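Report on the following structure.
Numbering (mature numbering (1 follows the signal peptide of the UniProt record, and there is no 0)), first residue to last: -30 to -1, 1 to 94.
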């Protein structure tokens, strides 16, 4: 009889632990962000990303007219340089999924990056 009671206590403990783990697990629901909010991807958008808590898998939506979005590295971001092999988006409604770590984006139209068309989004 005491063996049965021990098994019941063990099963109860395991069940509670598993339930606690499930309740505290983040199932990774991704979020969607409109870059620049209602202004969209435009001049002086740099800094829009500040204070936001991005996660890997979140989506950034770039809405614009007469611009582009280029995925770059930190050096190209800092210098507003568009590398020849960079991934470029030009639809005006681009949806880009964030990778874990730093994600850098600039406008590929000459001088637009210099006028603040760039963001650096860090995804945890």
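We treat Cβ as the ideally placed atom computed from N, Cα and C, and that holds for glycine. Because the structure is a prediction, the values reported are computed rather than measured.
- Residue 91 has 73 as its beta-bridge partners, per DSSP.
- Under the three-state reduction of DSSP output, residue 64 falls in the strand class.
- Between the alpha carbons of residue 11 and residue 94 lies a distance of about 23 Å.
- For residue 34, the closest alpha carbon among the candidates 25, 15, 44 and 67 is that of 15.
- Between residue 54 and residue 28, the C-beta gap is not smaller than 8 Å, which leaves the two residues out of contact.
- Linking residue 86 to residue 17 through their CA atoms gives a straight-line distance of about 9 Å.
- In summary, residue 78 is buried, with 16 or more beta-carbon neighbours lying within 10 Å of its beta-carbon over all protein chains present.
- When rounded, the separation of the alpha-carbon atoms in residue 45 and residue 75 is 11 Å.
- In terms of Cβ geometry, residue 3 and residue 22 form a close pair [threshold 8 Å].
- Following the DSSP letters along the chain, one finds residue 2 inside the beta strand (DSSP E) bounded by residues 2 to 4.
- Between residue 38 and residue 58, the C-beta gap is smaller than 8 Å, which places the two residues in contact.
- Of all alpha-carbon atoms in 70, 60 and 83, the one lying nearest the alpha-carbon of residue 52 is that of 83.
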